[in-house]
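So the structure is just underneath, and the comments pick up after that.
Numbering (my numbering), first residue to last: 8 to 177.
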(Lines of atoms letter the chains of each structure in order from A; the text may use other names.)
(Lines give C-alpha, C1' and ligand atoms only; values in the text may rest on other atoms or scores of the structure.)
Protein backbone atom coordinates (compact mmCIF):
# COMPACT_ATOMS: atom_id res chain seq x y z
CA UNK A 8 0.00 0.00 0.00
CA UNK A 9 2.82 2.34 0.87
CA UNK A 10 4.55 1.58 -2.40
CA UNK A 11 1.40 2.52 -4.36
CA UNK A 12 1.14 5.80 -2.49
CA UNK A 13 4.79 6.59 -3.27
CA UNK A 14 4.32 5.72 -6.95
CA UNK A 15 1.16 7.81 -7.14
CA UNK A 16 2.98 10.73 -5.53
CA UNK A 17 5.94 10.37 -7.89
CA UNK A 18 3.76 10.22 -11.00
CA UNK A 19 1.59 13.04 -9.69
CA UNK A 20 4.73 15.12 -9.21
CA UNK A 21 5.80 14.39 -12.79
CA UNK A 22 2.39 15.48 -13.96
CA UNK A 23 2.78 18.74 -12.08
CA UNK A 24 6.22 19.31 -13.62
CA UNK A 25 4.78 18.64 -17.08
CA UNK A 26 1.89 21.04 -16.43
CA UNK A 27 4.25 23.80 -15.30
CA UNK A 28 6.48 23.24 -18.35
CA UNK A 29 3.45 23.39 -20.65
CA UNK A 30 2.30 26.62 -19.00
CA UNK A 31 5.73 28.15 -19.54
CA UNK A 32 5.70 27.19 -23.20
CA UNK A 33 2.22 28.65 -23.59
CA UNK A 34 3.35 32.04 -22.25
CA UNK A 35 6.47 32.39 -24.40
CA UNK A 36 4.57 34.61 -26.86
CA UNK A 37 3.28 36.94 -24.15
CA UNK A 38 4.90 40.34 -23.80
CA UNK A 39 7.62 40.81 -21.23
CA UNK A 40 6.60 42.65 -18.08
CA UNK A 41 7.71 46.29 -18.24
CA UNK A 42 8.10 47.51 -14.68
CA UNK A 43 10.47 49.79 -12.80
CA UNK A 44 14.01 49.25 -14.03
CA UNK A 45 12.96 47.62 -17.32
CA UNK A 46 14.04 50.61 -19.43
CA UNK A 47 17.61 50.37 -18.14
CA UNK A 48 17.62 46.61 -18.82
CA UNK A 49 16.27 47.13 -22.33
CA UNK A 50 18.86 49.81 -23.08
CA UNK A 51 21.67 47.60 -21.76
CA UNK A 52 20.48 44.61 -23.81
CA UNK A 53 20.52 46.69 -27.02
CA UNK A 54 23.59 48.81 -26.26
CA UNK A 55 25.74 49.48 -29.32
CA UNK A 56 22.97 48.44 -31.71
CA UNK A 57 20.61 50.77 -33.55
CA UNK A 58 17.22 50.10 -32.01
CA UNK A 59 13.72 51.40 -32.68
CA UNK A 60 11.45 51.41 -29.62
CA UNK A 61 7.80 51.96 -30.47
CA UNK A 62 5.41 52.82 -27.64
CA UNK A 63 1.79 52.08 -28.40
CA UNK A 64 -1.41 51.08 -26.64
CA UNK A 65 -4.50 48.94 -27.04
CA UNK A 66 -6.56 51.96 -25.98
CA UNK A 67 -4.95 54.21 -28.65
CA UNK A 68 -6.84 54.32 -31.95
CA UNK A 69 -3.99 55.76 -34.05
CA UNK A 70 -1.66 53.12 -32.59
CA UNK A 71 -3.89 50.30 -33.79
CA UNK A 72 -4.10 51.81 -37.28
CA UNK A 73 -0.31 52.27 -37.39
CA UNK A 74 0.75 48.81 -36.15
CA UNK A 75 0.25 46.96 -39.48
CA UNK A 76 2.57 49.50 -41.14
CA UNK A 77 5.23 48.63 -38.56
CA UNK A 78 4.60 44.98 -39.43
CA UNK A 79 5.22 45.72 -43.11
CA UNK A 80 8.42 47.61 -42.27
CA UNK A 81 9.67 44.76 -40.08
CA UNK A 82 9.03 42.29 -42.90
CA UNK A 83 10.78 44.49 -45.47
CA UNK A 84 13.73 45.34 -43.22
CA UNK A 85 15.22 42.27 -41.51
CA UNK A 86 17.92 44.60 -40.12
CA UNK A 87 15.28 46.43 -38.06
CA UNK A 88 15.76 45.92 -34.32
CA UNK A 89 12.22 46.76 -33.24
CA UNK A 90 11.07 46.76 -29.63
CA UNK A 91 7.37 47.29 -28.97
CA UNK A 92 6.09 48.51 -25.62
CA UNK A 93 2.36 48.49 -24.88
CA UNK A 94 2.24 51.61 -22.70
CA UNK A 95 -1.42 51.80 -21.76
CA UNK A 96 -2.20 53.70 -18.53
CA UNK A 97 -3.66 50.51 -17.07
CA UNK A 98 -2.06 47.08 -17.50
CA UNK A 99 -3.66 45.15 -20.36
CA UNK A 100 -4.36 41.45 -20.76
CA UNK A 101 -1.13 39.92 -22.18
CA UNK A 102 -3.11 37.70 -24.57
CA UNK A 103 -4.81 40.77 -26.10
CA UNK A 104 -1.46 42.51 -26.55
CA UNK A 105 0.02 39.41 -28.22
CA UNK A 106 -3.03 38.86 -30.45
CA UNK A 107 -2.99 42.48 -31.61
CA UNK A 108 0.70 42.30 -32.47
CA UNK A 109 0.28 38.97 -34.28
CA UNK A 110 -2.63 40.37 -36.32
CA UNK A 111 -0.37 43.27 -37.34
CA UNK A 112 2.47 41.01 -38.48
CA UNK A 113 4.52 41.71 -35.36
CA UNK A 114 4.10 38.42 -33.53
CA UNK A 115 7.85 37.73 -33.55
CA UNK A 116 8.96 41.20 -32.46
CA UNK A 117 10.38 41.85 -29.01
CA UNK A 118 7.37 42.97 -27.01
CA UNK A 119 6.89 44.47 -23.56
CA UNK A 120 3.81 45.67 -21.72
CA UNK A 121 3.46 48.13 -18.83
CA UNK A 122 2.53 46.10 -15.76
CA UNK A 123 3.02 48.69 -13.02
CA UNK A 124 -0.13 50.64 -12.17
CA UNK A 125 2.10 53.64 -11.39
CA UNK A 126 2.73 54.13 -15.09
CA UNK A 127 3.89 57.73 -14.61
CA UNK A 128 7.07 56.35 -13.05
CA UNK A 129 7.61 54.07 -16.06
CA UNK A 130 7.09 56.96 -18.47
CA UNK A 131 9.55 59.09 -16.51
CA UNK A 132 12.21 56.35 -16.72
CA UNK A 133 11.86 56.30 -20.51
CA UNK A 134 11.80 60.08 -20.94
CA UNK A 135 11.25 62.62 -18.14
CA UNK A 136 9.71 65.03 -20.69
CA UNK A 137 7.16 62.47 -21.96
CA UNK A 138 3.58 63.24 -20.90
CA UNK A 139 2.27 59.84 -22.00
CA UNK A 140 0.90 60.60 -25.46
CA UNK A 141 0.79 57.64 -27.81
CA UNK A 142 2.04 56.52 -30.22
CA UNK A 143 5.67 57.51 -29.64
CA UNK A 144 8.81 56.18 -31.29
CA UNK A 145 12.28 56.32 -29.79
CA UNK A 146 15.25 55.85 -32.13
CA UNK A 147 18.38 54.77 -30.27
CA UNK A 148 21.54 55.06 -32.37
CA UNK A 149 24.59 52.84 -32.11
CA UNK A 150 26.32 55.50 -30.00
CA UNK A 151 23.31 55.76 -27.66
CA UNK A 152 22.01 59.03 -29.10
CA UNK A 153 18.22 59.20 -28.79
CA UNK A 154 15.76 60.80 -31.22
CA UNK A 155 12.04 60.90 -30.47
CA UNK A 156 9.21 60.81 -33.01
CA UNK A 157 5.98 61.81 -31.22
CA UNK A 158 2.68 60.75 -32.75
CA UNK A 159 2.25 58.47 -35.74
CA UNK A 160 5.75 57.86 -37.06
CA UNK A 161 6.85 58.85 -40.52
CA UNK A 162 8.19 55.44 -41.56
CA UNK A 163 10.16 56.99 -44.44
CA UNK A 164 12.07 58.89 -41.76
CA UNK A 165 12.59 55.66 -39.81
CA UNK A 166 13.90 53.95 -42.98
CA UNK A 167 16.30 56.86 -43.61
CA UNK A 168 17.48 56.67 -40.00
CA UNK A 169 18.08 52.92 -40.36
CA UNK A 170 20.04 53.47 -43.57
CA UNK A 171 22.20 56.10 -41.85
CA UNK A 172 22.91 53.71 -38.96
CA UNK A 173 24.19 51.04 -41.33
CA UNK A 174 26.81 53.33 -42.89
CA UNK A 175 30.25 53.44 -41.26
CA UNK A 176 31.16 56.85 -39.91
CA UNK A 177 34.43 58.34 -41.16
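All C-beta atoms in this analysis are idealised placements derived from N, C-alpha and C, irrespective of residue type, glycine included.
The beta strand (DSSP E) spanning residue i covers which residue range?
i           : result
residue 90  : 89–93
residue 119 : 117–121
residue 39  : 39–41
residue 146 : 143–147
Is the beta carbon of residue i sitting closer than 8 Å to the one on residue j?
i           : j           : result
residue 160 : residue 142 : yes
residue 50  : residue 128 : no
residue 113 : residue 56  : no
residue 87  : residue 169 : yes
residue 89  : residue 116 : yes
residue 65  : residue 102 : no
residue 108 : residue 91  : yes
residue 120 : residue 69  : no
residue 59  : residue 165 : yes
Could you check the C-alpha separation between residue i and residue j for me, to the nearest Å?
i           : j           : result
residue 122 : residue 138 : 18 Å
residue 79  : residue 124 : 32 Å
residue 149 : residue 132 : 20 Å
residue 4   : residue 85  : Limits of the chain in this structure are 8 at one end and 177 at the other, which puts residue 4 out of reach.
residue 41  : residue 48  : 10 Å
residue 81  : residue 155 : 19 Å
residue 100 : residue 106 : 10 Å
residue 72  : residue 134 : 24 Å
residue 2   : residue 104 : Residue 2 falls outside the range modelled here, since the chain spans only 8 to 177, and no answer is possible.
residue 158 : residue 45  : 23 Å
residue 172 : residue 144 : 16 Å
residue 136 : residue 95  : 17 Å
Start and end of the alpha helix (DSSP H) containing residue i?
i           : result
residue 103 : 101–110
residue 154 : Looking at the DSSP string, residue 154 is not in any alpha helix (DSSP H); the run it does join, the beta strand (DSSP E), is 153–157.
residue 76  : 68–83
residue 63  : Per DSSP, residue 63 belongs to no alpha helix (DSSP H); it is in the beta strand (DSSP E), 58–63.
residue 52  : 45–52
residue 130 : 126–133
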